[in-house]
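These notes concern the structure reproduced below.
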Amino acid sequence: MKIGFIGLGNMGLPMALNLLQAGHQVTGFDLVKSQLDVFAAAGGSVATNANDTAKDADVLISMLPASRHVEGLYLGDAGLLASANPKTLLIDCSTISPKVAQAVAIAAKAKGFAMIDAPVSGGTAGAQAGTLTFMVGGEESAVECARPLLEKMGKNIFHAGGNGAGQTVKVCNNMMLGIQMLGTSEALRLGIANGMDPKVLSDIMSKSSGRNWALELYNPCPGVMENVPSSKGYAGGFGVDLMLKDLGLAVENAENLDASIPLGKLAQQLYDNHSKAGNGQLDFSSVFNLKNK
Ligand code: NAD
386 MKIGFIGLGN MGLPMALNLL QAGHQVTGFD LVKSQLDVFA AAGGSVATNA
436 NDTAKDADVL ISMLPASRHV EGLYLGDAGL LASANPKTLL IDCSTISPKV
486 AQAVAIAAKA KGFAMIDAPV SGGTAGAQAG TLTFMVGGEE SAVECARPLL
536 EKMGKNIFHA GGNGAGQTVK VCNNMMLGIQ MLGTSEALRL GIANGMDPKV
586 LSDIMSKSSG RNWALELYNP CPGVMENVPS SKGYAGGFGV DLMLKDLGLA
636 VENAENLDAS IPLGKLAQQL YDNHSKAGNG QLDFSSVFNL KNK
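So for the sequence shown, our numbering puts the first residue at 386; every next one is plus one.
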């Protein structure tokens, strides 16, 4: 299959490499030359611009930072919808606003394209290992066409509903994750202030009703767990600023729909304080060190 892949960043590059390894012909494009060099060295073809990436492609995948990049890529006179072949299946894997995902999919449909939103969970490690979870929104037929390809990059492929539904699930999941990390950090700090050993406290809570993913698999207290960002100076992992972006999407989405998310809004404020204190590039579990009295 001929695949065009736009956005070869921390996530897109390892995803595209997995497609190459699966024997597909992949043409990639990114604005950063060093990313293209790594892709070319691994056997990928490199395009000189986004429109050339889509040329002759059976499937086009995008993995860009945010909503505005996705709108810029697909819409407008110079956008892909104006130049690509409508037979190309469009898959946007970026994490963006559900509303924007729907709008781009509607514009795509009007030009005869099938398009799905397929944001991912699993981080850069999951992208490298090909074990991502895909949360997919779109018509059943398009999702089933995409499934064999998504299975080369991920382990769990969920069809969440119509266009935008994949983004909705992603936004809900990451809001819950952000809140859980704050709650877990608070419980650990309180225990430590009482003289508890954080490892003993974590072991007991992991078998009690407070158990959750942040506590059990991504413990934010340094030294409790090996091979997690908290034990490596909060390097790598999922950055504070990326979590902040996703909480921004949750708050914007809730405001559009008049949905009540007081904890989501508070989490946004707390991660924002933490980012402004100079921690934006650290892993989000570094909110363990947030001083907010
Ligand atoms: P990144 O910033 O590393 O990569 C994005 C890439 O897109 C960059 O290399 C950039 O140069 C490129 N780009 C931007 N505009 C472009 C354009 N018009 N044409 C071509 N290339 C363009 O970001 P990432 O970590 O790879 O994340 C990508 C998406 O995946 C984001 O929406 C993010 O929220 C989501 N995500 C990230 C993670 C993670 O752990 N990093 C996990 C799950 C989801």
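Cβ atoms here follow ideal geometry from the backbone N, Cα and C, with glycine treated the same way. What you are looking at is a predicted structure, and each value in this text was computed from that prediction instead of being measured.
query	result
I want to check one thing, is the minimum distance from the CB of V417 to the heavy atoms of the ligand NAD below 7 Å?	yes
Quick check: does the Cβ of P607 come within less than 7 Å of any heavy atom belonging to the ligand NAD?	no
8 Å is my cut-off, CB to CB: does G428 come that close to chain E?	Annotation note: the requested chain E is absent from the structure, which comprises a single protein chain.
Would you report the Cα separation of Y619 and A426, rounded to the nearest angstrom?	30 Å
Are the CB atoms of A432 and A469 nearer to each other than 8 Å?	no
Mind checking whether A451 and K630 have CB atoms under 8 Å apart?	yes
Can you round the beta-carbon distance between F390 and A407 to whole angstroms, since I take them to be within the 8 Å contact cut?	Between A407 and F390 the Cβ distance is about 13 Å, and since that is not below 8 Å, they are no contact.
Can you tell which of G511, L586 and V556 has the C-alpha that lies nearest to the C-alpha of T569?	L586
Do you know how far the Cα of I491 is from the Cα of V455?	14 Å
How long is the line joining the alpha carbons of M566 and P583, rounded to whole angstroms?	15 Å
Hey, would you say the C-beta of L613 is under 7 Å away from at least one heavy atom of the ligand NAD?	What sits at residue 613 in the sequence shown is Val, not Leu. V613: no, Cβ never under 7 Å from the ligand NAD.
Hey, is L465 close to the ligand NAD, as in C-beta under 7 Å from one of its heavy atoms?	no
Taking C-alpha atoms, which residue in Q654, N604 and S616 lies nearest to M628?	Q654
Could you spell out the range, first to last residue, of the alpha helix (DSSP H) harbouring K472?	From DSSP, K472 is part of no alpha helix (DSSP H); its letter is neither H nor E.
Between the alpha carbons of K617 and G608, how many angstroms are there, rounded?	9 Å
Following a CB-centred definition, is I391 positioned closer than 7 Å to any heavy atom of the ligand NAD?	yes
Kindly examine the ligand NAD and report whether one of its heavy atoms sits closer than 7 Å to the Cβ of P471.	no
If you reduce the DSSP assignment to three classes, tell me which class I388 lands in.	strand
Does the structure place the segment 529–540 close enough to the segment 513–520 that three or more beta carbon pairs sit under 8 Å?	yes
Excluding five sequence neighbours on each side, which residues of the same chain lie with their C-beta closer than 6 Å to the C-beta of G429?	L405, V411 and G413
Using only the heavy atoms of the ligand PLP, determine whether one of them is closer than 7 Å to the beta carbon of T480.	Absence of the ligand PLP is noted for the structure shown, with the ligand NAD being the only ligands found.
Do the CB positions of V444 and M386 come within less than 8 Å of each other?	yes
What is the rounded straight-line gap between the Cα of H659 and the Cα of T553?	25 Å
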